[in-house]
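J.: Provided herewith is a single structure, encoded as structure tokens, for subsequent inquiry.
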Amino acid sequence: MNPEINKFFYKVIVNSLSTQQVNHLGGLVDRQFNLNKKGGFSESIPIPRQTAAQILLDHFGNDVEVIIELFTILLNNEGKRFYNRKFALWGRDEFIALLKKNKWNYDEDLNRFFIDPFYEREINFLRKIRLLDLRKDTDVRGIISEIESISKTMGIQDLEWRVTLRLYDIDSQSGELIRKIIALLLTRQNLQVFSSDIFVCLKELIINASKANYKVLFDKHVTRKKGVSMDSNYKEFLELFRNEIDENGNSNLLELAKKENRYITITFQSTRESIDTWVSNNQKMTPIEKKRLYQKLMPAESLESDSFYNNDNDELFEGAGMGINLVLRILGNYSKDPHPLKIVFFPETLKIGFQLLRVNLLEKLAERIK
0 MNPEINKFFY
10 KVIVNSLSTQ
20 QVNHLGGLVD
30 RQFNLNKKGG
40 FSESIPIPRQ
50 TAAQILLDHF
60 GNDVEVIIEL
70 FTILLNNEGK
80 RFYNRKFALW
90 GRDEFIALLK
100 KNKWNYDEDL
110 NRFFIDPFYE
120 REINFLRKIR
130 LLDLRKDTDV
140 RGIISEIESI
150 SKTMGIQDLE
160 WRVTLRLYDI
170 DSQSGELIRK
180 IIALLLTRQN
190 LQVFSSDIFV
200 CLKELIINAS
210 KANYKVLFDK
220 HVTRKKGVSM
230 DSNYKEFLEL
240 FRNEIDENGN
250 SNLLELAKKE
260 NRYITITFQS
270 TRESIDTWVS
280 NNQKMTPIEK
290 KRLYQKLMPA
300 ESLESDSFYN
310 NDNDELFEGA
320 GMGINLVLRI
330 LGNYSKDPHP
340 LKIVFFPETL
350 KIGFQLLRVN
360 LLEKLAERIK
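The opening position of the sequence shown corresponds to residue 0 in numbering that gives the first Met the number 0, with each subsequent residue numbered one higher.
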């Protein structure tokens with residue numbers, strides 16, 4: 000419960016909706032919702048808007064996530080006929096700003112709010128390697144040796160740490176370093192048996208992030224000169240991009256990434272309760288790929304009203320969530336969260352990653368030992 004959010008949303012309801020519209024809004028989220036029954040009034044008694052708004056909030060427990068779901072419905076119906084009249088939303092921008100202050104970011108392409116689950120806690124006993132910048136010459140072998148040495152003497156207090164990598168793309172050397180860091184995440188409780196699966200998940204996220212960067216660079220430096228862009232003709236652009244990868248791999252694109260310093264960031268965070276890892280890239284996704292990725296991560300949240308989905312063609316979305324289904328299958332083995340892969344969109348970047356609870360991994364380990 001967040002009193003500031005609850006108080007402002009109450010004002011949004013009172014200033015935007017009639018009593019009948021409040022009842023309609025509640026029914027869109029809970030089909031059993033009925034203002035008069037919930038308020039203890041007979042059907043013939045009119046309910047003031049202020050009372051209706053309070054009944055609505057009380058019914059849904061003043062839960063922030065439900066409030067955001069209700070507000071999202073209002074956003075999607077702004078300027079349209081809502082129940083019995085055209086709907087005008089009061090306090091729209093102010094409430095979005097308030098939600099943003101509380102870590103909820105609104106994405107206009109998806110008409111959805113995303114909370115950033117990836118918080119960098121101020122914890123680290125690995126002070127020497129807190130930030131590893133692989134964009135420049137780095138003694139990766141030396142760092143790997145240091146990690147191997149640290150892992151042999153870790154105590155329970157050493158579960159609290161964080162390491163961040165910056166790189167343009169994954170290669171054999173950085174891949175080995177990432178494997179070592181993952182093993183370090185798991186060493187203290189002898190959970191290293193899960194290292195390979197976690198590496199596969201993270202590698203897929205890294206590949207997707209670097210590919211997103213490459214597409215922007217390819218659009219800017221190559222295809223626009225041919226009159227083709229991601230915005231104007233995505234299908235033709237994607238065919239040219241595929242041809243580039245088939246013929247040259249990522250060599251030409253890697254040079255462009257270095258020239259424009261288009262990098263990705265990988266963060267590993269260990270706490271007593273969980274291991275967290277996420278990938279960030281300083282690149283805005285196209286609405287097409289963003290919607291496709293969101294559909295893969297949240298298939299139960301139908302966006303069928305968007306005509307975009309009525310002509311779904313997998314060939315159109317190469318690079319938007321490639322390997323995501325594999326990641327979801329693997330994470331589903333170790334997490335009880337129905338949506339174990341989290342994503343948050345920002346205006347010029349995105350974060351995607353996952354958290355695995357140590358207690359769940361220990362349960363899986365016990366099952367293997369049986």
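Glycine included, each C-beta is placed from N, C-alpha and C at the ideal position.
In this text the structure is predicted, and so the values were computed from the model without any measurement.
1. How would you label Val199, buried or exposed, when you count the other beta carbons within 10 angstroms and need 16 or more for buried?
2. Roughly how many whole angstroms lie between the Cα atoms of Gln188 and Glu159?
3. I think Trp89 touches Asn14, with their Cβ atoms under 8 Å apart; what is that distance to the nearest whole Å?
4. To which residues does DSSP link Asn104 through a beta bridge?
5. Note the first and the last residue of the continuous beta strand (DSSP E) segment covering Gln268.
6. Going along the chain, which residues of its own chain have a beta-carbon closer than 6 Å to the beta-carbon of Lys179, five neighbours each way excluded?
7. When burial is assigned at 16 or more other CB atoms within 10 Å of the CB, is Gly248 buried or exposed?
8. Answer yes or no: do Val326 and Leu204 have a C-beta to C-beta separation smaller than 8 Å?
9. Between Gly322, Ser209 and Arg328, which lies nearest to Val278 when the distance is taken from Cα to Cα?
10. I'd like to check one pair, Ile263 with Leu131: are the Cβ atoms closer than 8 Å?
11. DSSP three-state label for Val13, please.
12. Can you name the residues that DSSP bridges to Arg80?
13. Could you work out which residue in Asn359, Ile323, Leu349 and Phe345 is closest to Tyr372 when comparing CA atoms only?
14. What is the rounded straight-line gap between the Cα of Leu364 and the Cα of Ile265?
15. Suppose contacts are defined by Cβ-Cβ distances below 8 Å. Is Lys102 in contact with Asp92 by that definition?
16. Consult DSSP for Asn280 and reduce its assignment to one of helix, strand or coil.
17. Among Phe345, Ile329 and Lys369, which residue has its Cα nearest to the Cα of His338?
18. Tyr308: buried (16+ other C-beta within 10 angstroms of its C-beta) or exposed?
19. Do you know how far the Cα of Gly331 is from the Cα of Gly26?
T.: On the basis of the coordinates in this document:
1. If you draw a 10 Å sphere on the C-beta of Val199, you find fewer than 16 other C-beta atoms in it, and that means exposed.
2. Here the alpha carbons of Glu159 and Gln188 stand approximately 13 Å from one another.
3. That pair is a contact at about 4 Å.
4. In the DSSP output, where bridge partners are listed per residue, Asn104 has Phe113.
5. Element bounds for Gln268: Ile263 to Ser269.
6. Here the set comprises Ile143 and Ile146.
7. Exposed, by the Cβ-count rule.
8. Yes, they are a contact pair.
9. Scanning Gly322, Ser209 and Arg328 for the CA closest to the CA of Val278 turns up Ser209.
10. No, these two residues do not count as a Cβ contact at 8 Å.
11. Here Val13 sits in helix by DSSP.
12. Note: Arg80 sits in a beta bridge opposite Lys85.
13. An answer regarding residue 372 cannot be provided, because it is not within the stretch 0 to 369 covered by the chain.
14. Those two C-alpha atoms are separated by around 26 Å.
15. No, the Cβ-Cβ distance between Lys102 and Asp92 is not below 8 Å.
16. Three-state DSSP puts Asn280 in a strand.
17. Out of Phe345, Ile329 and Lys369, Ile329 has the C-alpha closest to the C-alpha of His338.
18. Its pLDDT being 41, under 50, Tyr308 is placed unreliably by the model, and the measurement read from it follows with that caveat. Exposed, since its Cβ has fewer than 16 Cβ neighbours within 10 Å.
19. Roughly 32 Å between the two C-alpha positions.
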